[in-house]
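2 protein chains.
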Amino acid sequence: MEPPAPQRRVTIVDVARHAQVSTTAVSKVLRNAYGASPEMRTKVRRAIDELGYRPNAAARGLRGQTYTIGVMLPDIRNPFFPEILDGITGHLADTDYQVFLGPGGRNDEQAEARVTDAMIDRGMDGIILIAPVSSRARLEHIASAVPAVVVGRHGHSTVYDTVTDDDVAGAAMLVGHLVDLGHSRIAHIEHHESDPTRIAEMPNAQRAEGYRRAMRSLGLAEEIDIVSTSYTQQGGYEGATQLLARPRRPTAVFAGADIVAMGVLEALAEAGLSVPGDISVAGYDNTTFASFGPISLTSVDQAGREIGGNAARLLLERIADRRKAPVQVKLSPTLVPRRTTAPPPL
Amino acid sequence: MEPPAPQRRVTIVDVARHAQVSTTAVSKVLRNAYGASPEMRTKVRRAIDELGYRPNAAARGLRGQTYTIGVMLPDIRNPFFPEILDGITGHLADTDYQVFLGPGGRNDEQAEARVTDAMIDRGMDGIILIAPVSSRARLEHIASAVPAVVVGRHGHSTVYDTVTDDDVAGAAMLVGHLVDLGHSRIAHIEHHESDPTRIAEMPNAQRAEGYRRAMRSLGLAEEIDIVSTSYTQQGGYEGATQLLARPRRPTAVFAGADIVAMGVLEALAEAGLSVPGDISVAGYDNTTFASFGPISLTSVDQAGREIGGNAARLLLERIADRRKAPVQVKLSPTLVPRRTTAPPPL
DNA sequence: GCGATTTTGGGTAACGTTTCCCATCGGGTG
DNA sequence: CACCCGATGGGAAACGTTACCCAAAATCGC
Numbered sequence: 001m002e003p004p005a006p007q008r009r010v011t012i013v014d015v016a017r018h019a020q021v022s023t024t025a026v027s028k029v030l031r032n033a034y035g036a037s038p039e040m041r042t043k044v045r046r047a048i049d050e051l052g053y054r055p056n057a058a059a060r061g062l063r064g065q066t067y068t069i070g071v072m073l074p075d076i077r078n079p080f081f082p083e084i085l086d087g088i089t090g091h092l093a094d095t096d097y098q099v100f101l102g103p104g105g106r107n108d109e110q111a112e113a114r115v116t117d118a119m120i121d122r123g124m125d126g127i128i129l130i131a132p133v134s135s136r137a138r139l140e141h142i143a144s145a146v147p148a149v150v151v152g153r154h155g156h157s158t159v160y161d162t163v164t165d166d167d168v169a170g171a172a173m174l175v176g177h178l179v180d181l182g183h184s185r186i187a188h189i190e191h192h193e194s195d196p197t198r199i200a201e202m203p204n205a206q207r208a209e210g211y212r213r214a215m216r217s218l219g220l221a222e223e224i225d226i227v228s229t230s231y232t233q234q235g236g237y238e239g240a241t242q243l244l245a246r247p248r249r250p251t252a253v254f255a256g257a258d259i260v261a262m263g264v265l266e267a268l269a270e271a272g273l274s275v276p277g278d279i280s281v282a283g284y285d286n287t288t289f290a291s292f293g294p295i296s297l298t299s300v301d302q303a304g305r306e307i308g309g310n311a312a313r314l315l316l317e318r319i320a321d322r323r324k325a326p327v328q329v330k331l332s333p334t335l336v337p338r339r340t341t342a343p344p345p346l
Numbered sequence: 001m002e003p004p005a006p007q008r009r010v011t012i013v014d015v016a017r018h019a020q021v022s023t024t025a026v027s028k029v030l031r032n033a034y035g036a037s038p039e040m041r042t043k044v045r046r047a048i049d050e051l052g053y054r055p056n057a058a059a060r061g062l063r064g065q066t067y068t069i070g071v072m073l074p075d076i077r078n079p080f081f082p083e084i085l086d087g088i089t090g091h092l093a094d095t096d097y098q099v100f101l102g103p104g105g106r107n108d109e110q111a112e113a114r115v116t117d118a119m120i121d122r123g124m125d126g127i128i129l130i131a132p133v134s135s136r137a138r139l140e141h142i143a144s145a146v147p148a149v150v151v152g153r154h155g156h157s158t159v160y161d162t163v164t165d166d167d168v169a170g171a172a173m174l175v176g177h178l179v180d181l182g183h184s185r186i187a188h189i190e191h192h193e194s195d196p197t198r199i200a201e202m203p204n205a206q207r208a209e210g211y212r213r214a215m216r217s218l219g220l221a222e223e224i225d226i227v228s229t230s231y232t233q234q235g236g237y238e239g240a241t242q243l244l245a246r247p248r249r250p251t252a253v254f255a256g257a258d259i260v261a262m263g264v265l266e267a268l269a270e271a272g273l274s275v276p277g278d279i280s281v282a283g284y285d286n287t288t289f290a291s292f293g294p295i296s297l298t299s300v301d302q303a304g305r306e307i308g309g310n311a312a313r314l315l316l317e318r319i320a321d322r323r324k325a326p327v328q329v330k331l332s333p334t335l336v337p338r339r340t341t342a343p344p345p346l
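Top line first, the protein sequences correspond to chains Z and U.
Sequential numbering from 1 applies to the first sequence in the UniProt record's numbering.
Sequential numbering from 1 applies to the second sequence in the UniProt record's numbering.
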């Protein structure tokens, strides 16, 4: 008794033999290439179905395309990514491309390098980098090896396309909202960024800049008050603690990200302050939990699906023509007022 | 002026020439295979570094391994997955394997099939399926094509290993906790499952079963009250609405998942009921937002990292020996009491 | 009708690795 | 000193697909 033979996979040769044609013909049919008559097509397709043939991606990759798109995701916990991903997969659903996600590590350039290298090694046809923290040079290096689209990094490049949300405008909208409610002492918690090559490109910097500009243009330059921590719950907690220690406490806190706002809410609750009665709080990203009843956080919604859809579209265009001129798409966020913002106490 | 040649990638042949050895020798060094002297190894490694050579995964895949592990993720929004993923990547960090995530679709067997087929087409060395909804037959089919580990499906198989959390025990712990607080009218919101081939295998069914058994063994068989909706926020909202319409309202609601509990909290808030003053609420999964200050949801923590770590370990073992006997690992959850549960109103 | 052109189909050489061999070389054994 | 053996290195054939050709047949233009 032999062990059951590990059943060799059906190859293009098997299909060719079964359909009584050449492998070239089968290949042409598979790729909808020129040079196959309608009868040939139906004959081959029938053989494919009968044998349950599926092309071997490795063999294809050796010759060129792998029909695979890589999406680098630095932090899978960021609840904002699913929206982008939906946009990407939605756009790619009708194509032959398959999307795979490469998990990076939070703020970890090395992990990003590892993942992107792995994608390149695997001959992926294109890469979408979501909010990468890698240096500009590194991004250009990647893009020179494979068609790439960068999401969430402001700043132009000659080799890759970018899709961003207008963070400056979003921050300004939020400040406007708070001012309309009657606030003037509005503080901001930002993510600390030290690397000079990245500084202006990162969304956190843009949000802080949008905050500054809006405050100035609304005549509140004197009230500008920024605390630098990080875009984490912990960062929000610490930031709020610092703000509460101010002699003149702010009446509203604009946290640079929803997760930061969570930390702020926690600190305020511990301090016995009510939201929005004593102090208003707003986040950014409109993540899933922002809408949860007990939280109901005022936030700014980035058009996640559109970001993803645009990224996918640009990538396909770049795959089709690697030397096309790079495009920058900037989308507009929308304000989502909820129950954590209200007029300041009298 | 030529356009800059698209700079051919460095191949094993280039390395061999540069080191003045055969490609065979380079290959041996790369794979730490037998038949290369120490001097040969250093010489080749130097050439690899100098040229910045990286092996082409497609070519490797054509001959055998791709050093790629696929993780199928049906719902990227489920905030419980990152823990599992951390466990997986942590376990695989020191190996040559690279992890890629394949996004499925919520409760979408077809999407799962598409992703898993794509993984097989790409010659991935092994696949981890997280909480798949596919039929048993389909899972066995996958596992017969490639080493596979299934996470979150109870029920044994002869071809794949499984890693699960003891959902029956987790549900029982939660019921015990509520009973200890003094509750007896404890209702449960479950995810409706109709497919008979899956029914006993799915975690939702196990949680409901754990609830039933615990209620019975605590002498509360009469009080068993299950509402069947779905594991979504909407499902929680609807479930709670149904429960509030009961003539004898429950004093505690055990939602089958944290996200369900969010819907419950929303419905209760709308009904003007306070939590936990009027009614206690508990979830399951201990997702990130459960710990947020304003929510502070009592939940059950699955040992996510351990689940992932075990899955990765079992997969590597199975890759090493495809005919080893299948293993079932069942881990124990822990209760995380927070502020949404308290003694019932008098 | 006849040369020119288009359509149709296939042969075959890559692509970059791995793996199965075999050849060579030193040195130990009888 | 003949023989054998282990260690070391390399030649060459796959792996499954695509793309560049070329040949034959069918169609077209006049």
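No residue lacks a Cβ here, since even glycine has one placed at the ideal position from N, Cα and C.
A quick note: this is a predicted structure, and the numbers were derived from the prediction, not measured.
Residues in the segment 250–278 of chain U with C-beta within 7 Å of chain Z's C-beta atoms, listed in sequence order? Met262, Leu265, Glu266, Ala269
For Thr24/Z, count neighbouring Cβ atoms within 10 angstroms of its own Cβ and tell me buried if that reaches 16, exposed if not. The residue labelled residue 24/Z in the question sits at position 24 within the first sequence. When all chains shown are included, Thr24/Z counts as exposed.
For a contact defined as C-beta to C-beta under 8 Å, what are the partners of Phe292/U on chain Z? Looking up residue 292/U in the second sequence gives position 292. Near Phe292/U (Cβ distances below 8 Å), the residues of chain Z are Gln233, Met262, Leu265, Glu266, Phe289, Ile295.
Pick from Thr287/U, Asp108/U, Val163/U, Gly87/U: whose alpha carbon is nearest that of Asp301/U? As a working mapping, residue 301/U is identified with position 301 in the second sequence. Cα-wise, what sits closest to Asp301/U is Thr287/U.
Name, in chain order, the residues that DSSP records as bridge partners for Pro103/Z. Along the first sequence, one-based indexing puts residue 103/Z at 103. Leu73/Z.
Figure out for me which residue from Gly239/Z, Glu266/Z, Arg339/Z has the closest Cα to the Cα of Asp293/U. Sequence index remark: in the second sequence, residue 293/U carries index 293 (1-based). With the sequence shown as reference, residue 293/U is identified as Gly, and Asp is not the correct amino acid for it. Ranking Gly239/Z, Glu266/Z, Arg339/Z by Cα distance to Gly293/U puts Glu266/Z first.
So which residues on chain U does Asn107/Z lean against when the C-beta distance must stay under 9 Å? Taking the first sequence and counting its residues from 1, one reaches residue 107/Z at position 107. Under the 9 Å cutoff, chain U gives no residues; its nearest Cβ is about 15 Å from Asn107/Z.
Does any C-beta atom of chain Z lie closer than 8 Å to the C-beta of Gly35/U? Here residue 35/U refers to the residue found at position 35 when the second sequence is read from its first residue. No, its Cβ sits nowhere closer than 8 Å to a Cβ of chain Z.
Would DSSP call Val253/U helix, strand or coil? On the second sequence, residue 253/U is found 253 positions in, with the first residue counted as 1. Looking at Val253/U - three-state DSSP - the assignment turns out to be strand.
So, do the segment 255–266 of chain U and the segment 245–263 of chain Z have three or more beta carbon pairs nearer to each other than 8 Å? no
Rounded to whole angstroms, what's the CA-CA distance from Asp285/Z to Glu50/U? Just pull it up for me. Mapped onto the first sequence, residue 285/Z falls at position 285. Mapped onto the second sequence, residue 50/U falls at position 50. Looking at the two C-alpha atoms, the distance is approximately 44 Å.
For Gly342/Z, which residues of its own chain have a beta-carbon under 7 Å away from its beta-carbon, when the five flanking residues on both sides are left out? Residue 342/Z sits at position 342 when you count from the first residue of the first sequence. First, the amino acid is wrong: residue 342/Z is Ala here, not Gly. These residues qualify, in order along the chain: Leu181, Pro276, Ser280.
Do Ile186/Z and Pro103/Z come within 8 Å of each other at the CB atom, strictly closer than that value? Your numbering for residue 103/Z matches position 103 in the first sequence. Your numbering for residue 186/Z matches position 186 in the first sequence. Against a cut-off of 8 Å, the Cβ pair of Ile186/Z and Pro103/Z comes out as no contact.
Identify which residue in Gln206/Z, Leu331/Z, Ile69/Z, Ile295/Z has its Cα closest to the Cα of Ile307/Z. Here residue 307/Z refers to the residue found at position 307 of the first sequence. Out of Gln206/Z, Leu331/Z, Ile69/Z, Ile295/Z, Leu331/Z has the C-alpha closest to the C-alpha of Ile307/Z.
Cβ-based contacts, 9 Å cut-off: residues of the segment 36–56 of chain Z near chain U: Arg54, Pro55, Asn56
Kindly provide the ranges of any beta strand (DSSP E) runs that are 3 or more residues long and lie completely inside the segment 127–158 of chain Z, ordered along the chain. 148–151
Is it the case that the Cβ atoms of Ser144/Z and Val159/Z are separated by a distance below 8 Å? Stepping through the first sequence from its first residue, residue 144/Z is reached at position 144. Stepping through the first sequence from its first residue, residue 159/Z is reached at position 159. Closer than 8 Å, so yes.
Below-8 Å beta-carbon distance, Ala5/Z vs any chain U residue: Here residue 5/Z corresponds to residue number 5 of the first sequence, with the count starting at 1. The predicted model places Ala5/Z with a pLDDT of 45, which falls under 50 and marks its position as unreliable; any figure quoted below should be read in that light. No - not a single Cβ of chain U is within 8 Å of the one on Ala5/Z.
Leu218/U CB to nearest chain Z CB: under 8 Å? For the purposes of this step, residue 218/U is taken as the residue at position 218 of the second sequence. With 8 Å as the cut-off, Leu218/U does not count as an interface residue toward chain Z.
Which word fits Asp195/Z, buried or exposed, when buried means at least 16 other C-beta atoms lie within 10 angstroms of its C-beta? On the first sequence, position 195 is the one that residue 195/Z refers to. It counts as exposed.
Straight-line CA distance for Gly152/Z to Asp94/Z? Translated into positions along the first sequence, residue 152/Z becomes position 152. Translated into positions along the first sequence, residue 94/Z becomes position 94. Computed Cα separation, rounded: 25 Å.
In chain Z, which residues lie less than 8 Å from Pro82/U when you measure between Cβ atoms? As a position in the second sequence, residue 82/U is number 82, starting the count at 1. Ordered by position in chain Z, the residues that pass the 8 Å Cβ test against Pro82/U are Ile76, Arg77.
If we define contact as Cβ-Cβ less than 8 Å, is residue 350/Z a contact residue for chain U? The requested residue 350/Z does not occur in the structure, where chain Z is confined to residues 1 to 346.
Below 7 Å on C-beta distance, what does Gln98/Z contact in chain U? As a position in the first sequence, residue 98/Z is number 98, starting the count at 1. Those within 7 Å of Gln98/Z in chain U are Ala118.
For Ile189/Z, the three-state DSSP class (helix, strand or coil): The residue labelled residue 189/Z in the question sits at position 189 within the first sequence. In this structure, Ile189/Z counts as strand in the three-state DSSP scheme.
Buried or exposed: Val146/U, going by 16 or more other Cβ atoms within 10 Å of its Cβ? Start at 1 with the first residue of the second sequence, and residue 146/U comes out as number 146. Buried: at least 16 other Cβ atoms inside 10 Å.
Check whether the segment 118–130 of chain U and the segment 59–72 of chain U touch, using three or more Cβ-Cβ pairs below 8 Å as the test. yes
Report yes or no: is there a C-beta of chain Z within less than 8 Å of the C-beta of Met1/U? Along the second sequence, one-based indexing puts residue 1/U at 1. Per-residue confidence for Met1/U stands at a pLDDT of 35, beneath the threshold of 50, marking its modelled position as unreliable; the derived number appears in the next sentence. False, the Cβ-Cβ gap to chain Z never drops below 8 Å.
Check whether the segment 208–224 of chain Z touches the segment 153–172 of chain Z, counting contact only when three or more Cβ pairs, one atom from each stretch, lie closer than 8 Å. yes
Of the listed residues His18/U, Gln20/U, Met40/U, Arg17/U, nearest to Lys28/U (C-alpha basis): Counted from its first residue, the second sequence places residue 28/U at position 28. Closest option to Lys28/U, Cα to Cα, is Met40/U.
Would you call the CB atoms of Gly155/Z and Ala205/Z closer than 8 Å? The residue labelled residue 155/Z in the question sits at position 155 within the first sequence. The residue labelled residue 205/Z in the question sits at position 205 within the first sequence. Taking 8 Å as the Cβ cut-off, Gly155/Z and Ala205/Z do not qualify as a contacting pair.
Exposed or buried, Val13/U, counting other C-beta atoms within 10 Å across all chains shown (16 or more means buried)? Stepping through the second sequence from its first residue, residue 13/U is reached at position 13. Val13/U is exposed by the Cβ-count criterion.
Which residues in the same chain have their Cβ closer than 6 Å to the Cβ of Ile142/U, if we skip the five residues on either side of it in sequence? Numbered from 1 along the second sequence, position 142 holds the residue referred to as residue 142/U. Excluding positions up to five away in sequence, the list reads Thr116, Ala148.
For Val253/U versus Ala240/U, is the C-beta distance shorter than 8 Å? By one-based count along the second sequence, residue 253/U stands at place 253. By one-based count along the second sequence, residue 240/U stands at place 240. It is a contact, given that the beta carbons lie within the stated cut-off.
Less than 8 Å between the C-beta atoms of Val175/Z and Leu244/Z, yes or no? Along the first sequence, read from residue 1 onward, the residue named residue 175/Z stands at position 175. Along the first sequence, read from residue 1 onward, the residue named residue 244/Z stands at position 244. Cβ atoms of Val175/Z and Leu244/Z: not closer than 8 Å.
Which one or two residues does DSSP pair with Leu331/U in a beta bridge? Translated into the one-based positions of the second sequence, residue 331/U becomes position 331. Looking at the DSSP assignment, Leu331/U forms a beta bridge with Asp165/U.
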